[in-house]
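Heads up, the thing below is written out as structure tokens.
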């Protein structure tokens, strides 16, 4: 069956996709308890294929021996893949990743469904299509996260910046914020970057989005939609200058809303003396100490324990707050470094040996991640290598999948190199000098195998004739 262009997402249901009328039996791995966001993915994906192909029906079976293919869920692939089809019998689909702020976030139902539709296409024998509008396009575009909910423990005069995770230049977000304090609330401002939060902390004027729902004051609980925010934006929550207890829990929920805005929200300026907020926090601590002393007169030991605990908690909060700011400042730099140094998967080796789980592919990945990227010289080498490697490797990998003879030729060609690299698994490379020494030695060894040996053979043949 020849590949065809399958129009992605909104158009899949409108354009027939040439798949033979048939009954298809699927064994679906049970979803983890935490993955309720993907509970409708199989229904939505199979219905899309049903609508495009009269007579095509999907059935769920309990026994894998009765199935045509099996679906397995993966919490995170940890590389460039979000889904994978092994031949026409097995599909793996990712449920989220840790690419935003180095913490795991779930993909949206829409995005997981998109991945599943693509992998089912491979099961039916469709190859990758270079048209970005095709469901068989090899890159899963328009990454979108689902509901991300976090809790933060804050005290008087403290604030929290929560970033939006998106790859879009312009997007919109549903949000919800609530506090456990039933009397004193919070202010919130959706701002274009963490830089605005830094300005607030430094006592400078900051900017926030001025659209409806994008800011508010004195709320105990609020939910809304802020439209037209740019990449790098986030929500800033500031506590009231009074609280009914030393610590409160702020719960923040965020969900990206696709395709509902085409213009950026206007910005407006705001000034808050945040230093006064910190001063009021200290006064609040003193007030709590005083009221507690009155109620616990004569119980010095209990009071001292209470004060010590309160001060420790506030110090921990302050340390965590400052560390969060530092982490967020370097996050973009870290992500760029990872993109340039770590790169993606071993495309040629994966296509040659048939799976990311092949021993040879895992060996290359472990050498890269656990050895080379742990040193500056190794990281520098991988940065330059990736710029060259990923300029041609996707083409070779695709041609390998289409041409078994070419795949065997590539296997013969790269096996000696992989065998030579396996030497590094048996040596210690804990310093820059050792990495450079072993690296240069391996380069010379491979030059000898790939250039020196053939040259000696050719010269020997020419002498005979």
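Numbering (UniProt numbering), first residue to last: 1 to 465. Ideal Cβ positions, reconstructed from N, Cα and C, are used throughout, including at glycine. Please read these numbers as outputs of a predicted model, since none were measured by experiment.
Identify which residue in the options has its Cα closest to the Cα of residue i.
i           : options            : result
residue 189 : 226, 154, 165      : 226
residue 67  : 203, 91, 24        : 24
residue 448 : 200, 397, 420      : 420
residue 99  : 134, 202, 182, 143 : 143
residue 348 : 170, 406, 445      : 406
residue 235 : 244, 258, 209, 60  : 209
residue 359 : 386, 185, 415, 384 : 415
residue 268 : 245, 250, 212, 244 : 212
residue 393 : 451, 444, 410      : 410
residue 111 : 368, 379, 354, 256 : 256
residue 133 : 151, 147, 114, 80  : 114
residue 413 : 150, 365, 353, 130 : 353
residue 475 : 265, 194, 167      : Residue 475 cannot be examined here, being either before or after the span of the chain that is shown, 1 to 465.
residue 231 : 164, 75, 364, 185  : 164
residue 69  : 220, 85, 80, 78    : 85
residue 149 : 177, 138, 135, 170 : 177
residue 75  : 366, 97, 346, 60   : 97
residue 59  : 22, 131, 224       : 22
residue 27  : 52, 250, 65, 53    : 65
residue 221 : 184, 46, 53, 49    : 184
residue 417 : 403, 54, 443       : 443
residue 272 : 214, 223, 201      : 201
residue 173 : 40, 223, 45        : 223
residue 159 : 130, 199, 381      : 199
residue 77  : 49, 50, 107        : 107
residue 397 : 215, 32, 384, 138  : 138
residue 169 : 194, 214, 233      : 233
residue 55  : 194, 61, 46, 63    : 46
residue 266 : 131, 192, 41       : 192
residue 32  : 73, 404, 57        : 73
residue 440 : 319, 381, 246      : 381
residue 79  : 361, 62, 130       : 361
residue 391 : 151, 346, 103      : 346
Just to confirm before moving on: does the CB-CB distance between residue i and residue j stay below 7 Å?
i           : j           : result
residue 162 : residue 248 : no
residue 105 : residue 43  : no
residue 82  : residue 29  : no
residue 109 : residue 37  : yes
residue 400 : residue 351 : yes
residue 95  : residue 35  : yes
residue 175 : residue 254 : yes
residue 228 : residue 270 : no
residue 244 : residue 187 : no
residue 196 : residue 207 : yes
residue 116 : residue 128 : no
residue 424 : residue 364 : no
residue 250 : residue 171 : no
Name, in chain order, the residues that DSSP records as bridge partners for residue i.
i           : result
residue 105 : 97
residue 406 : Looking at the DSSP assignment, residue 406 forms no beta bridge with any residue, so it has no partner.
residue 269 : 207
residue 57  : 23
residue 256 : 173
residue 449 : DSSP lists no partner for residue 449.
residue 90  : 70, 86
residue 28  : 71
residue 64  : None; residue 64 has no bridge partner.
residue 248 : 154
Is there a Cβ of chain C sitting closer than 7 Å to that of residue i, yes or no?
i           : result
residue 447 : Absent from the structure: chain C. Only one protein chain is present.
So does residue i have its beta carbon nearer than 6 Å to some heavy atom of the ligand GDP?
i           : result
residue 223 : Inclusion of the ligand GDP in the displayed structure is not the case, the ligand content being empty and no account of it being possible.
Practice task
Give, in chain order, every unbroken run of the beta strand (DSSP E) that is at least 3 residues long and sits entirely within the segment 166-239.
Solution key: 170-179, 186-191, 206-209, 215-219, 221-230, 234-239
Handout entry: Three-pair Cβ contact test at 8 Å for the segment 84-93 versus the segment 122-137
Key = yes
Practice task
Tell me, please, whether the segment 234-248 touches the segment 152-160 by the rule of three or more beta-carbon pairs shorter than 8 Å.
Solution key: yes
Practice task
Count the C-beta pairs between the segment 369-378 and the segment 435-446 that are closer than 8 Å, then say yes if the count reaches three, no if not.
Solution key: yes
Practice task
Ignoring anything shorter than 3 residues or poking outside the segment 122-165, list the beta strand (DSSP E) runs there in chain order.
Solution key: 148-154, 159-163
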